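Trainee: Below you'll find the structure I mean.
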Amino acid sequence: QYPGGGSSTNPFL
Amino acid sequence: VDLPWVVKPEEKIKFDSIFDSLGPVGGMLTGDKVKPVLLNSKLTVDILGRVWELSDLDRDGMLDKDEFSVAMYLVYRALEGEPVPMSLPPPLVPPSKR
């Protein structure tokens with residue numbers, strides 16, 4: 005779901 | 261693109277003072293600092309998550325002053341009953357980021 009494979013930068017997800 | 265930013269100068273002053281009161285580091289606020297402020301609006305995490313997506317234009321997990329103004333603008337509009345858009349309309353993109 006997050007391109008790049010990293011974790012989400014969205015604190016609400 | 262030469263559109264006026266929808267965030268009005270007087271709103272920007274208000275949003276900037278909120279930004280400064282949250283203790284930005286290097287001109288940036290982390291998600292940790294912004295999250296409780298947005299939650300305070302009582303909007304759902306669903307809506308606030310979208311507000312964040314639209315505001316964090318460089319996707320670095322932090323908001324600078326202009327990105328924070330976009331977030332606050334969207335929150336205020338949502339509180340007035342306007343739906344949060346799925347993508348950021350050009351007039352909402354800060355002039356510094358076009």
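Those protein sequence lines, which keep their order, are chains A and B. Letter 8 of the first sequence, counting from 1, is numbered 12 in my numbering, and no numbers are missing. Letter 38 of the second sequence, counting from 1, is numbered 298 in my numbering, and no numbers are missing. Don't be surprised by glycine CBs; every beta carbon is placed ideally from N, CA and C. No experiment lies behind these values; they were computed from the predicted model shown.
1) Provide the residue(s) that pair with M288 of chain B in DSSP beta bridges, ordered along the chain.
2) Leaving out the 5 sequence neighbours to the left and right, which residues in its chain are closer than 6 Å to P357 of chain B when beta-carbon positions are compared?
3) Report back the beta-carbon spacing between E271 of chain B and Y333 of chain B to the nearest angstrom; my notes put them in contact at under 8 Å.
4) How big is the Cα-Cα spacing for V311 of chain B and P264 of chain B?
5) Can you tell me which of the three DSSP states W265 of chain B falls into?
6) Is the Cβ of V305 of chain B closer than 8 Å to any Cβ of chain A?
7) Below 8 Å CB to CB, which residues in the same chain sit around V344 of chain B once its five sequence neighbours on both sides are set aside?
8) Determine whether the beta carbon atoms of L289 of chain B and F279 of chain B lie at a separation below 8 Å.
Mentor: Taking the definition as stated:
1) B:V285 and B:D324
2) It is worth fixing the name first, because residue 357 of chain B is Lys in this sequence and not Pro. So the list reads L317, once near-sequence residues are dropped.
3) 7 Å
4) 21 Å
5) coil
6) yes
7) I307, R310, V311, L314, L334, R337 and A338
8) yes
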